[in-house]
Amino acid sequence: MAGIVSNGSVYRIRQCALDLLSIVDLMDGEVSWDIIGRDLQLRSTFLYCDFKQIISKAAEDEKKPLINLANRLLCSIEEMSYAVKLKDRTLMESRYFDTAKVLEDLMALLPYCDLFVEDESDD
535 MAGIVSNGSV
545 YRIRQCALDL
555 LSIVDLMDGE
565 VSWDIIGRDL
575 QLRSTFLYCD
585 FKQIISKAAE
595 DEKKPLINLA
605 NRLLCSIEEM
615 SYAVKLKDRT
625 LMESRYFDTA
635 KVLEDLMALL
645 PYCDLFVEDE
655 SDD
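Rendered as structure tokens:
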């Protein structure tokens, strides 16, 4: 059962990353600052909880890279939220591209996993 929980966390992190990458679509044309701000808050909460799950179950040698990546991503999202709060489109775009780089690192580090396949190594 632990494998399914871990796989669920990895799956949600990957989905949040994809959703964050698509936030650029909301920036085109008329920007809805309120929607983007609320979306960033919600996604960062999910990411925090899921990273906590993954890091707690990771092997000792895997924890440090995961912690560094989680810190970089959450900090980057916080900077995007600040730009949204200021309603500064130029700053938002700059922070978005910085976040996209971190998300690419995230996608490379986290393995793709099938949510419905239990990892038998956790038994």
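Take any residue in the sequence shown, count from 1 to its spot, add 534: that is its number in our numbering.
Think of the CB as a built atom: it goes at the ideal place given N, C-alpha and C, for glycine as much as any other residue.
| Item | Value |
| --- | --- |
| I588 versus R546, K619, M561, residue with shortest Cα-Cα distance | R546 |
| Residue environment, T579, which counts as buried when at least 16 other CB atoms sit within 10 Å | exposed |
| Exposure of D566, with buried meaning 16 or more beta-carbon neighbours within 10 Å | Residue identity differs from the one stated: residue 566 is Ser in this sequence, not Asp. S566 is exposed by the Cβ-count criterion. |
| Cβ pair count under 8 Å reaching 3, the region 568-583 against the region 608-620 | yes |
| Through-space distance from M614 to M641, alpha-carbon basis | 19 Å |
| CA-to-CA distance, L554 to L560, given in whole angstroms | 10 Å |
| When L637, K598, N605 are compared against I557, the one with the closest alpha-carbon | L637 |
| Residues of its chain near L661, where Cβ-Cβ distance is below 7 Å and the 5 sequence neighbours each way are ignored | What the structure shows of the chain is the stretch from 535 to 657, and residue 661 is not part of that stretch, so it cannot be assessed. |
| Residues near I611 by beta carbon distance below 8 Å, same chain, minus five either side | L554, L574, R577, S578, L581, T633 |
| Integer Cβ distance of R548 from L644, believed to fall under 8 Å | 6 Å |
| Exposed unless 16 or more other CB atoms sit within 10 angstroms - verdict on M590 | Correcting the residue identity first, residue 590 is Ser in this sequence and not Met. Classification of S590: exposed, given that the 10 Å Cβ count is below 16. |
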